[in-house]
Each structure stands twice: as structure tokens, then as C-alpha cells.
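First residue of the sequence shown? That's 383 in our numbering, and the numbers climb one at a time after it.
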Amino acid sequence: MASLFVAALKKAGQLTLPKGVTPLTYATQLGIFRGFNPVHGTRVTRAGAAVILENILSYANGTLLPSGETPVLTASATNVSPNSVVQLSLALRSANGQTQAIPANANVTYALDNQTGAVLDTYSGTLIVTQPGTYTVTATVDGVSVAPLIITAYAQPAGINLSSSSSTLTANGQALDTMTATIVDSTGQTVSNASGTASLSALQYGSYVDPTTGAPISSIHFVNGVATFAVKAGTTGGVSDTVSLSNVALSGTALASTFVDPSTTISYTWPSANALTLSPTTATVSDNQATEDAVSATVGGLGTSVAGLPVLAQFTLSGPASFQAGGSLLQTFSAYVVPGVPTQIPVWSLPGQSGAITLDASLSGAVVASTTISAVATGAPTALVVSSTPSTVNAMGAAQEPALPQGSPFTLYTVSLSDAAGHAVIPATSDPLTLTDNASTVGGTLAYYAVANGQPTGPALSASQLQTAISASTGLAQFAVVTTGAGAVSPQITLHDALTGTEKTVGYAYSSGVGVYAMLTGDTPSDLNGASSSVEEGQTVTYTAQLEDPNGNPVQAAGQTIDFYFAPRGNSADVTVNGSSAWSQAAPLAVTTNAQGVASVSVTVPQGKGGEFQLVAGLPGQTSVSEVTATVGSTLYYTTGLALSSSPYALNGMVWPTAAMPLGQTLAGYAWRRGGKLGWRLVRRRDALRGAAQQCGERGAQSRSA
């Protein structure tokens, strides 16, 4: 064929394509006639012959692709689930990144490295993945190999791996532990095509925050199978929190039947005795006039100093500041700091002097902590600045009505003013703040307290007068918030400032308090006589007790002991709890709670005995307990089915069943006239023997369904 067109080059216009050229379908498919229309009777010019000969030469060299174009293999998806269909295709990419379609007459074939878990049509490029795994697909176009492509099929999500940057945090109210939740399949491989959400369990001592913004969170979002969040330490050491996920919901992906909600433990330690920390109220202070920026100094924690002995610390200032307002310059100062109790160090700016203020703290002559504050000229206040810190009630807490036991969680909010440049501003007079929230909208309730020494104090603020004020001396306002009823969604708190007329909305994360009650299902703290129930003879039933805080909120704490025993009134039914009927207050059955703060026992009721029993649950040594009284009933009195006799008043030709119906069957609604009667029978025995029929009648037009 090449010699034919060489002749055309020699004698231009004298070569006419014979009839035999047109049927050369194969040559056409190979692109030999690309750029030339091979029609019988056409005379071949030198230009046409040159095009055809170039195509023949290109084919002989292995490709008919345009010069400078690179074939690229693409797929409709690279991360898929088993039994997915993936469509492979080829495109041409130029040096400048532009793409175009492969010529229709190009010879394209596809290949697959792993034939056991997938099926590939080598000509159409349709790939059906049947098993989880990694598959490498390649393609060849006009004899040229294309760079391979990886297709990954992920198995069903089988679990979540929880990893943390640290399993221990210092209880200083600031330390963060960044955690990563990774969705994995049964082999431990990350399911990187998974996306969705999960709920975070409540923490007793710490709190959840966004690792980037620091905002409180109660749920996480998975992207490409991974979600990150952070745990922020509280201020109580020697304790731990259980971090667990629940309500995992993935978009378009079902969880494996063996899927288990993950959990891990984070411990909190007291700061070491020589660990002194300095925390200024604000990072900037106004030098328009002498302005205080109190610095909180904390040494160690309540668990680190014998008998809580005070520690003498030396403080030194450098820069435009003094430890006193007015008078002579005072830049050295000594104070005793009680371990675990913040001590306020007064730092005052000097009027008209801007610059960096450095405060150094020393123990035994060695500088152990330092902080820097910027003194700046400030403008008029324009905005509110709000920060929040999760904490727990310590010995200095003085909350009343309702009182908060030591260890109860609360969130401390600190409010200040800033100018347009973001600098802290102290108001000339007290600046009122009004507080509102949307807790009732999301189903929860909150209590607000004034703050003294960083702790809730006094009675809870009136719901009709939720107000506080930014101080004209410190430039701060503080209030504490406690969960009295948890809702389904985290609420928001809105602060309205009287001076600037602005509002600021901040988040709040519900937190349950310390577990002080063990409450049996069905019982409530207000029920002085406990709950009442009935059980069927010959059956085994489960009783559960939930840890609750003083406000009745469930406390999710694992490993806490709940005692179960029979009340002194006895156990005339001779039931057994976890195999024994001898449990008493002096020798109870001790059961530890799971991650949800729930402890369970199994009660086995003998056949034919009757009587009743009183089961008690409570925390060890606790006088406030939960009790349920259960009466044992005969099997004869427990309905296992419903049989209806035919009724002369059935409407519209309805025919009612006359044989026993299985439990759970639904009947359509029906109506009958005044004086109408419906016959029915209770199937009393589990062997489906019918008891005696009972007749009932009602007056008035009614409708019912069974």
C-alpha cells in the first residue's frame, strides 16, 4: 500500500483509487486514511499521498495519535463500594492541559491486574467490582501504553478507630487533646469514601471543642472517612472521662451488623506543684488612662500540695505598667498562691504610654512563667468579646437554690468590650448585659449563676431577670451556666450589650453533673414510694438503673458501682437476681455501669409462686435510693392474642376473623350503631387455648381499631 502512494507522489493527480481501496475497513479503522477520504474514483494529489504515507509511517512506529498529545486514562469513580459499575475512558491531553476525545478510529483496549474480584470488558472499558480491594487498570491505544489507574473498592464500614494526641491532659482548663475518628472496614482499611455524622457522648469533667475555632461542639462530621475534634481539659485532676461516639450515620452506606460504637478514656492530672501558669484577662490593655488587666496566677492543683500549703511567688513587671494605679511606679511584687486556687495579680497600664508589658513569675528565684500584654490607645467600644471555659465546682463554690455539689460541671463565660481595632476597652460606668437563650426551643433548660473566685455563687439568676454587667473597674463580666435539663440540640446564648447596642451569640454544650443517684427505670426522684410494676410468672426480666445528676440528667460514666438488693420488706415471690435471692443492703450485688452510665440485672421469676418483691438500687453508702415493687401475676392473666367473633353490625360487608389472630396483627377501623355489640375473646394461654368469651357493648357512634 505504501508503494502505491509513493507513486502518487511521483505523478501527482494521475493515481485514481481503485474499487479495492474502499472496502479496506481494517486500514480505515487503523487510521491509515485519517485526513483523506478514500472514495472510489478520487484522484490522489501529492498532498493527499503525503498525508496517507505519514499515517502509514506513524502506524509502523506504534501510534496514530496526534503529535504532542498524551493519552490519559480516566474513570467515573475511583473509590467505590462492592458491586459498583465503573466506566473507564480515554482522553487526549495536550501540553497546555487541554483535553479532547480520542479519535473514534483509534484502537483502544483495557486490561485489569486482578481478575478475582472484578470483571472488565476490555473493549468497552466497563468495570464491575464485586469484592473489596485495590484494582489497577491499564489501557493501550494504537499500541501505546497509558499510565495505569487505581480503583479502590471499600468494604462495609465495620468500626471506627479513635486516636488521640495524648491520653492524659493537665487539668488547667486550657489543655487540648486533638482526636481523630477514622472509619475502617473489617480489615482495618480506611473507608475513605465514607461521609456522615456521629454524636459525641457527654463528658463529666472536660468538654468538646472544634480544634480550629475552639467553639463548643456536640457532634462530628466525617469527610473521606475521617473526622477530627478536640477535648478541652477542665480544672479537676485525678479523674477521667470516657469519650465515645454514637448515632453514627453515613451517607448512602449501611453499617456492618458487627459495628460497635467506639470509646476511649482521657485522664486529667493536677498541674505539678512547681507548674505556675499566668493568664491575663485580655491580651491588650488601654493606656488612655490607668487601666487594670488582672492576671490570674495558678500554682499546681488541689491534689499536689500537702494540706494545700500556700506557695510564695515573686512577680516582676517590665514595660509601661505598674502593680498599682497611680503613685510611685511599682514593678516588683510578692504574693502567696494557694495550689489549685487562682490568685489575681493587679497589672495597671501607665497613662499615655503604649508598648509591650511583660510579667515574669518566679518560684525560689527561678522564672517559671511569663506572659505579655500590649498597652495600646483605644477608641470607643464597638463590640462584645466572649470567651468560655468548662470547669467544675470546687471547695470554693457557693451556689445556692439549687446548690451544686462539688465536682458538678459548669461553663464559665467571661465578657469584655473591644474597640474597632479589637483592643479591650473598659467602660466609664457599669455596662448592663441581658442574657437570653434558645434552650427551651431545643428541649433543654439552663441555670445561670453569678461568679465569685471563678465559681458559681448565690442563688440562680431569675429567669425573668437574666442580667449581669461589665465592671467599670475590671472591664469584665462573668457568669456561670449549668445544665438543668439536656435537650436534643446544643443551645445558643445571646448577650445584649446596653452600651454599644450590639448582640453576641455564643454556643453552649450540655453537660451532665456528677452521678449522685442510681434511678431504676420507671422510678423518679419525686416518687416517694418508688415505682410499681407487674411481671409474669416463669419469665426472666431485666431491670436497669441509670446514673443521674442532682437535676435528673443522665450521667454517662463507665465503671461506677451501683448496688442492687432486696428491700427489708422481703421477697415473697422468691425471685432471684443474677442467680441469687440473698442480696441485702449489707451484702448487695455490685454492678458497674457501662459507657452510658447504665447498670443492669436479670430477675428470674419462678412458676406458680405468686407474691411480690421489692428491688432497690443505689450508690454505695447512699441513703437516697431508687425502688421498684413488682407483683407476680399468673400466666392466665397475660394476653397472648385476640380473637373476634363475627358481628351483625359490620358495615360495608366487612367480615371479621373468627379464628385466633397472631400477636401484632392490625385490624382496620370499624364503627357500629348505638346499642351495637362486639363479641371478642382473649387467648389467655401461650398454648393458644381460648378462654371463656366475654361480651361487651357500648353506646354511641364510635370507631375503633385493634
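Positions of the beta carbon are idealized from the N, C-alpha and C atoms, including for glycine.
Original post:
Around the Cβ of Thr1016, are there at least 16 other Cβ atoms within 10 angstroms (buried) or fewer (exposed)?
Top reply: Before going on, a small fix: residue 1016 reads as Ser here, not Thr. It counts as exposed.
**OP:** Look at the alpha carbon of Ala341 and the alpha carbon of Ala868, and state the distance between them as a whole number of angstroms.
**Re:** Because residue 341 is not part of the residues shown, which for the chain are 383 to 1088, the question remains open.
Original post:
Do the CB positions of Gln938 and Thr974 come within less than 8 Å of each other?
Top reply: no
Original post:
How far does the beta strand (DSSP E) with Gln874 in it reach, from first residue to last?
Top reply: Counting along the chain, the beta strand (DSSP E) containing Gln874 begins and ends at Gln874 to Asp879.
**OP:** Taking only the alpha-carbon atoms, compute the straight-line gap between Pro784 and Ala751 and give it to the nearest angstrom.
**Re:** 38 Å
**OP:** Spatial neighbours of Thr534 within its chain, please: CB distance less than 7 Å, with the 5 preceding and 5 following residues excluded, ordered by chain position.
**Re:** Thr460, Asn461 and Thr516
Original post:
Do the stretch 759-766 and the stretch 792-810 touch if we need at least three Cβ pairs shorter than 8 Å?
Top reply: yes
Subject >> Nearest-angstrom Cα separation, counted from Gly912 out to Ser1008 >> reply: Cα to Cα, the separation comes out at about 6 Å.
Original post:
Tell me which same chain residues have a C-beta within less than 7 Å of the C-beta of Pro539, skipping the five on either side of it?
Top reply: Ile565, Asp567, Val573, Ala576, Leu632, Thr635, Leu637, Ala638 and Phe641
Subject >> CA-to-CA distance, Ala845 to Tyr831, given in whole angstroms >> reply: Taking the straight line from one Cα to the other gives about 11 Å.
Original post:
Per DSSP, Trp730 forms a beta bridge with which residues?
Top reply: Glu674 and Ser704
Original post:
Any idea what DSSP makes of Ala759, helix, strand or coil?
Top reply: Residue state, collapsed to three classes: coil.
**OP:** Report buried or exposed for Ile510, applying the criterion of at least 16 other Cβ atoms within 10 angstroms of its Cβ.
**Re:** When all chains shown are included, Ile510 counts as exposed.
Subject >> Identity of the residue in Ser984, Asp945, Ser601 and Trp730 nearest Thr958 by Cα >> reply: Ser984
Subject >> Neighbourhood of Gly920 by C-beta, 6 Å cutoff - its chain only, sequence neighbours within 5 removed >> reply: Cβ neighbours of Gly920 beyond the five flanking positions: Gln989.
**OP:** Indicate, with yes or no, if the ligand FAD has a heavy atom lying under 7 Å from the CB of Thr635.
**Re:** The model depicted lacks the ligand FAD and carries no ligand whatsoever.
**OP:** State the DSSP-derived secondary structure class of Gly779, mapped to helix, strand or coil.
**Re:** coil
Subject >> Backbone secondary structure at Tyr517 - three-state DSSP >> reply: In the three-state reduction of the DSSP assignment, Tyr517 falls in the strand class, which pools E and B.
Original post:
Does the distance from the C-beta atom of Ser661 to that of Val681 stay below 8 Å?
Top reply: no
Original post:
Are there three or more Cβ pairs, one per stretch, closer than 8 Å when the stretch 852-861 is compared with the stretch 919-933?
Top reply: no
Original post:
How many angstroms separate the CA atom of Gly525 from the CA atom of Gly541?
Top reply: 45 Å
**OP:** Specify the secondary structure class of Gly578 as computed by DSSP and reduced to three states.
**Re:** strand
Original post:
Does DSSP put Ala738 in a helix, in a strand, or in coil?
Top reply: strand
Subject >> Straight-line gap, Gly836 to Leu794 (C-alpha atoms, nearest Å) >> reply: For the pair Gly836 and Leu794, the Cα-to-Cα distance works out to about 7 Å.
Original post:
For Thr850, which residues of its own chain have a beta-carbon under 6 Å away from its beta-carbon, when the five flanking residues on both sides are left out?
Top reply: Short of 6 Å from the beta carbon of Thr850, and not among the five residues preceding or following it, lie these beta carbons of its own chain, in chain order: Leu815, Ala859 and Phe861.
Subject >> Alpha-carbon spacing of Thr714 relative to Ser770, whole angstroms >> reply: 31 Å
**OP:** Compare the Cα-Cα distances from Val998 to each of Gly961, Ser914 and Asn935 and report the closest residue.
**Re:** Taking each of Gly961, Ser914 and Asn935 in turn and checking the Cα distance to Val998, the smallest one comes out for Ser914.
Subject >> Candidates Ala553, Val490 and Gly789, of which the one nearest Val523 by Cα >> reply: For the residues Ala553, Val490 and Gly789, the minimum Cα distance to Val523 belongs to Val490.
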